[in-house]
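Numbering (the numbering used here), first residue to last: 10 to 205.
Okay, structure first, notes after.
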């Protein structure tokens, strides 16, 4: 959708410049993930999907507090970020745990080789350092998962999980609206400049 020659609207300024988007709210991350999976199945790029930045950044950018997420739906000044799907989040958490373990075991191997330790001594050092790596990685992963969970709870209390889907044609608009609606999207609508 980066090829603007195929876009069906004028170069007028809409809520996000010369971009038309489908907008909606979700009550759960599962519903939102199902909608995004459905969008990708029907030809939408992951790059076409965006979410609002964390609340603190939004308030900082807008210079005022926001009472309800619906105030953000059509506001061009709201900072955004790309959507990170559940599988990517799980992979990230797994890496946070596994990488410190791997590093700890490499260090243990170096200590064992450098000191010519016996097998049982090597096993003890490997277990100790591996456990320390797992604990450190697990702590980072827990903190990250907790922060994401708190953000989701905060957004739900704020009125829902907001999602924007960039569209490049009237056909994509119809598809996006239908997909968002059938996956429990609320307040589903379009914004942007008028069609040519």
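Quick reminder that beta carbons are idealized off the backbone N, C-alpha and C, glycines included.
Using the three-state DSSP reduction, which class does residue i fall into: helix, strand or coil?
i	result
residue 61	strand
residue 15	With a pLDDT of 47 at residue 15, under the threshold of 50, the modelled position of this residue cannot be trusted; read the value that follows with caution. Looking at residue 15 - three-state DSSP - the assignment turns out to be helix.
residue 80	helix
residue 170	strand
residue 10	The pLDDT assigned to residue 10 is 42, lower than 50, so where the model puts this residue is not dependable; a value taken from the coordinates is nonetheless given after this. Three-state result, residue 10: coil.
residue 47	helix
residue 190	helix
residue 86	coil
residue 93	coil
residue 197	strand
State yes or no: is the C-beta of residue i within less than 7 Å of the C-beta of residue j?
i	j	result
residue 51	residue 184	yes
residue 186	residue 197	yes
residue 39	residue 192	no
residue 167	residue 78	yes
residue 189	residue 44	yes
residue 82	residue 32	yes
residue 88	residue 57	no
residue 177	residue 30	no
Which residue wins for smallest C-alpha separation from residue i, given the options the options?
i	options	result
residue 105	191, 143, 54	143
residue 194	176, 171, 200	171
residue 164	65, 152, 178	65
residue 67	84, 153, 41, 154	84
residue 181	42, 53, 76, 41	53
residue 169	28, 76, 112	76
Assuming residue i contacts residue j under a Cβ cut-off of 8 Å, what Cβ separation, rounded to an integer in Å, is found between them?
i	j	result
residue 108	residue 139	With a Cβ gap of about 12 Å, residue 108 and residue 139 do not count as contacting.
residue 134	residue 121	6 Å
residue 141	residue 113	6 Å
Across which residues does DSSP place residue i in a beta bridge pair?
i	result
residue 42	Per DSSP, none; premise fails for residue 42.
residue 35	170
residue 162	The partner list for residue 162 (beta bridge, DSSP) is empty, contrary to what the question assumes.
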